[in-house]
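Mapping of the sequence shown onto this note's numbering: position 65 corresponds to residue 65, and the numbering continues sequentially without gaps. Built from N, CA and C at the ideal position, the CB exists for glycine as well. Below you'll find the structure, written out as structure tokens, and then a few comments.
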Amino acid sequence: MSSLEKATLAAGCFWCIEAVFELVEGVEKVVSGYTGGMTLNPSYEEICSGTTGHAEAVEVYYDGSILDYQTVLEIFFSYHDPT
């Protein structure tokens with residue numbers, strides 16, 4: 001197996017994006033968490049309040065011999081409309 005590539009994607013809600021990528025062939029692992037922000041170790045409730053500056057995000061670890069970054073982004077934007 002080749003080494004894994006990593007993409008960090010923020011979409012407002014990590015549960016939905018995590019569920020999508022867990023079904024994609026070539027994705028080995030999906031980890032939910034937060035990115036950015038001003039509060040050290042915020043709770044989920046603090047994140048949802050919108051006061052910490054954090055965004056919910058997922059790290060997608062994928063096999064680059066099966067998926068490329070362009071495809072990862074196409075999958076992401078087919079489920080997330082940033083407008």
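In this structure, the beta-carbon distance from Y79 to V27 does not fall below 8 angstroms. In the structure shown, the three-state DSSP call for T51 is coil.
In this structure, the beta-carbon distance from V58 to I17 falls below 8 angstroms. The alpha carbon of A10 has as its nearest neighbour, out of L4, G37, E25, the alpha carbon of G37. E25 counts as exposed, since fewer than 16 other beta carbons sit within 10 angstroms of its beta carbon. Taking the C-beta atoms as reference points, F14 is found no nearer than 8 angstroms to V60.
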